[in-house]
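Down below is the structure, laid out as structure tokens.
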Amino acid sequence: MTEPKKQFLKMKIDELRNDQLKIIAERENITKQSLVEKIINNYIDQRLLNDHLPELVDQLSKIDTQLQSNGRMIRQFINLQQATIDYLRSFTEDPE
814 MTEPKKQFLK MKIDELRNDQ LKIIAERENI TKQSLVEKII NNYIDQRLLN DHLPELVDQL
874 SKIDTQLQSN GRMIRQFINL QQATIDYLRS FTEDPE
């Protein structure tokens, strides 16, 4: 393909992209500039999320482990408390 044809095709592709942005902006009732900003911000947010995702998963895993440990400790405390109640109750009951 000759260079002028390539340039023409690139120009047409840019025009189509521009038209797409206008259509989306009109449908979303926002300006083209704010749509572009929104797309860029979403891209940046996605990149930041992807960059920090392993760290977030690791933190969530640690939190999950801690919650499970806390749950076990609470169950042990409740069992100990119930055993104490049962033991103290044995002193208040009349022997048969």
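Residue numbering for the sequence shown follows my numbering, beginning at 814 and increasing consecutively. C-beta: ideal position from N, C-alpha, C; glycine also. As the structure is a computational prediction, the values presented were derived from the model and not from experiment.
Going by DSSP in three states, residue i sits in which element: helix, strand or coil?
i	result
residue 814	coil
residue 842	coil
Which two residues bound the contiguous alpha helix (DSSP H) that contains residue i?
i	result
residue 892	845 to 905
If we call anything under 8 angstroms between Cβ atoms a contact, is residue i one with residue j?
i	j	result
residue 845	residue 829	no
residue 848	residue 837	yes
Using C-beta distances below 7 angstroms, list every residue in its chain close to residue i, excluding the 5 sequence neighbours before and after it, in chain order.
i	result
residue 864	none
residue 839	none
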